[in-house]
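Remarks on the structure that follows.
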Amino acid sequence: DARVTQTPRHKVTEMGQEVTMRCQPILGHNTVFWYRQTMMQGLELLAYFRNRAPLDDSGMPKDRFSAEMPDATLATLKIQPSEPRDSAVYFCASGFPYSNQPQHFGDGTRLSIL
Amino acid sequence: DQQVKQNSPSLSVQEGRISILNCDYTNSMFDYFLWYKKYPAEGPTFLISISSIKDKNEDGRFTVFLNKSAKHLSLHIVPSQPGDSAVYFCAATSGTYKYIFGTGTRLKVLA
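Those protein sequence lines, which keep their order, are chains A and B. Convert by adding 1225 to the 1-based position in the first sequence; the result is the number in our numbering. Convert by adding 823 to the 1-based position in the second sequence; the result is the number in our numbering.
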């Protein structure tokens, strides 16, 4: 079974440090999403890409978050500088909208900012 | 402003009985709805979906009902099994492939 792969699975770091989360979408999927799961908001969409181009990043705090897709097999989400309120689980999902197939999720990166 | 709401944070059901999870939405432009299931330390996995042109979709023990006039959908699980214990998210989209998720309902099926 093809899977979305996220690394690292866990990250603990101190406030102010840069954090980079990586995602390998399913081969052939041309749309990639970044979500953040919090208790209060559920699954919030941060940003998404189609054919590696950013389509919508309105859910992201622009001053500290950035998302990129350097190539079709890698999406990154960076936080610099990180803050304690960024502590959450970050999920990547991928899909192919023209196939009527739902988005497939990775197992997430659990981020703790001390 | 939450466009997709799951007002019950948790639900407990006896094994073998029916589980009913509810979801309300506010945007009348949504035309496709999905349910995802999430186990601890894993990502959400797709469960079942429904198009706005239908009012019911069934897949084994899982049935999703859509009431467009009430802007309400529900997921029925019959019979419930202990392995169904998970967090369930409903999601909606308006044809853009951009999903809006609810906050989730934690289902506990008691053996």
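Positions of the beta carbon are idealized from the N, C-alpha and C atoms, including for glycine.
At which residues does the beta strand (DSSP E) containing residue 1293/A begin and terminate? Along the first sequence, one-based indexing puts residue 1293/A at 68. Note, residue 1293/A: beta strand (DSSP E), 1290-1296.
Excluding the 5 residues preceding and the 5 following residue 856/B in the sequence, name in chain order all residues of the same chain whose CB lies nearer than 6 angstroms to its CB. Position 33 of the second sequence, counted from the start, is the residue given in the question as residue 856/B. Excluding residues within five positions, the ones whose Cβ falls inside 6 angstroms are 873, 896, 915.
Which bits of chain A does residue 872/B rub up against, with CB to CB less than 7 angstroms? As a working note, residue 872/B is residue 49 in the second sequence. Result: 1327.
Minimum C-alpha distance to residue 1309/A - residue among 1243/A, 1275/A, 1281/A, 1326/A: Residue mapping note: residue 1309/A aligns to position 84 of the first sequence, counting from 1. Residue 1243/A is the option with its Cα nearest to residue 1309/A.
Anything in chain A within Cβ reach of residue 925/B, meaning under 7 angstroms, just list it in chain order. Counting from 1 along the second sequence, the entry for residue 925/B is found at position 102. Ordered by position in chain A, the residues that pass the 7 angstroms Cβ test against residue 925/B are 1267.
Only counting runs of 4 or more residues, tell me where the alpha helix (DSSP H) segments fall wholly within the region 824-872 of chain B, in order along the chain. none
Taking C-alpha atoms, which residue in 1304/A, 1319/A, 1336/A lies nearest to residue 1289/A? Within the first sequence, the letter at position 64 stands for residue 1289/A. Measuring from the Cα of residue 1289/A, the nearest candidate turns out to be 1304/A.
Can you look up residue 1279/A in the DSSP assignment and give me helix, strand or coil? The count along the first sequence starts at 1 and reaches residue 1279/A at position 54. Correct three-state label for residue 1279/A: strand.
Determine which residues share a DSSP beta bridge with residue 897/B and list them. Within the second sequence, residue 897/B is the residue found at index 74, counting from 1. DSSP, once it has assigned bridges, lists 845/B, 888/B as partnering residue 897/B.
Any residues in the region 1287-1316 of chain A with a beta carbon nearer than 7 angstroms to a beta carbon of chain B? Which ones, in chain order? 1316
Residues in the same chain with beta-carbon distance under 8 angstroms from residue 908/B, minus the five sequence neighbours each way, listed in chain order, please. Working through the second sequence from its first residue, we reach residue 908/B at position 85. Cβ neighbours of residue 908/B beyond the five flanking positions: 930, 931, 932.
Taking the alpha-carbon of residue 1296/A as reference, which of 1274/A, 1307/A, 1282/A has the nearest alpha-carbon? Locating residue 1296/A in the first sequence gives position 71, counting from the first residue. Ranking the options by Cα distance to residue 1296/A, first place goes to 1274/A.
Determine the chain A residues that contact residue 920/B at a beta-carbon separation under 7 angstroms, and present them in chain order. Here residue 920/B refers to the residue found at position 97 when the second sequence is read from its first residue. Those within 7 angstroms of residue 920/B in chain A are 1256, 1320, 1322.
Let me check one thing: in DSSP terms, what residues is residue 1251/A bridge-paired to? Here the question's residue 1251/A lines up with position 26 in the first sequence. Partner(s): none; residue 1251/A has no beta bridge.
To the nearest angstrom, how far is it from the Cα of residue 1237/A to the Cα of residue 1337/A? As a first step, residue 1237/A is located in the first sequence; it is residue number 12 there, counting from the start. As a first step, residue 1337/A is located in the first sequence; it is residue number 112 there, counting from the start. Spanning the two alpha carbons is a distance of roughly 5 angstroms.
Neighbour flag for residue 906/B against chain A, beta carbons, 8 angstroms: In the second sequence, counting from the first residue as 1, residue 906/B sits at position 83. Not an interface residue.
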